[in-house]
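**Student:** Sharing a structure, written as structure tokens. Questions coming.
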Amino acid sequence: MSDEELLRLVDRVVDQYDGNLDEIESAVGMLMLGRYYGWRVLLLAHSPNTIRKYQKILGIKSLKDVLPEVGMLAHRSDAWRLVEGTQNFWKVVRGQIGGVRSTRVDKSS
1 MSDEELLRLV DRVVDQYDGN LDEIESAVGM LMLGRYYGWR VLLLAHSPNT IRKYQKILGI
61 KSLKDVLPEV GMLAHRSDAW RLVEGTQNFW KVVRGQIGGV RSTRVDKSS
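Numbered by the UniProt record's numbering, the letters in the sequence shown go through residues 1 to 109 in order.
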């Protein structure tokens, strides 16, 4: 999805939203950061329930439909660096491997 299309999506969602402001703020924030980090990093940073809740708020079926798989800043994610190039990504997302999920990013990486 292009930047212009993404902004139209956000405009539409904000205009039609009925609920708690903090929830739409978090959903839109996740979407905007996903432009830089990609959907794979978001799946490593958030629980499946949180991802589902934000997708519902944004009116999207899947983050894969609107975000890059791996963004230009994915390498800064601690969790992504642990699973990149391994077979463990989906095991971590499903919770079969613990201790990897992290929201930490490192500027110097």
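Here a beta-carbon is modelled for each residue, glycine too, at the ideal position from N, C-alpha and C.
Among G34, T86, S62, which residue has its Cα nearest to the Cα of R76?
**Tutor:** Residue 76 sits at position 76 when you count from the first residue of the sequence shown. Ranking the options by Cα distance to R76, first place goes to G34.
**Student:** So, V83 versus V105, is the Cβ gap smaller than 8 Å?
**Tutor:** Locating residue 83 in the sequence shown gives position 83, where the first residue counts as 1. Locating residue 105 in the sequence shown gives position 105, where the first residue counts as 1. Against a cut-off of 8 Å, the Cβ pair of V105 and V83 comes out as no contact.
**Student:** Please classify V14 as buried or exposed, where buried requires at least 16 other C-beta atoms within 10 Å of its C-beta.
**Tutor:** Your numbering for residue 14 matches position 14 in the sequence shown. It is exposed - the Cβ of V14 has fewer than 16 other Cβ atoms within 10 Å.
**Student:** Rounded to whole angstroms, what is the Cα-Cα separation between A79 and N88?
**Tutor:** Residue mapping note: residue 79 aligns to position 79 of the sequence shown, counting from 1. Residue mapping note: residue 88 aligns to position 88 of the sequence shown, counting from 1. The straight-line gap from Cα to Cα measures roughly 11 Å.
**Student:** Based on Cα-Cα distance, which residue from M30, G95, E23, G19 lies nearest to L6?
**Tutor:** Taking the first residue of the sequence shown as 1, we reach residue 6 at position 6. It is M30.
**Student:** Please work out which residues of its chain come closer than 6 Å, Cβ to Cβ, to V10, disregarding the five sequence neighbours upstream and downstream, and give them in chain order.
**Tutor:** Here residue 10 refers to the residue found at position 10 when the sequence shown is read from its first residue. Within the same chain, V28 come within 6 Å of V10 by CB-CB distance, once the 5 residues on both sides are set aside.
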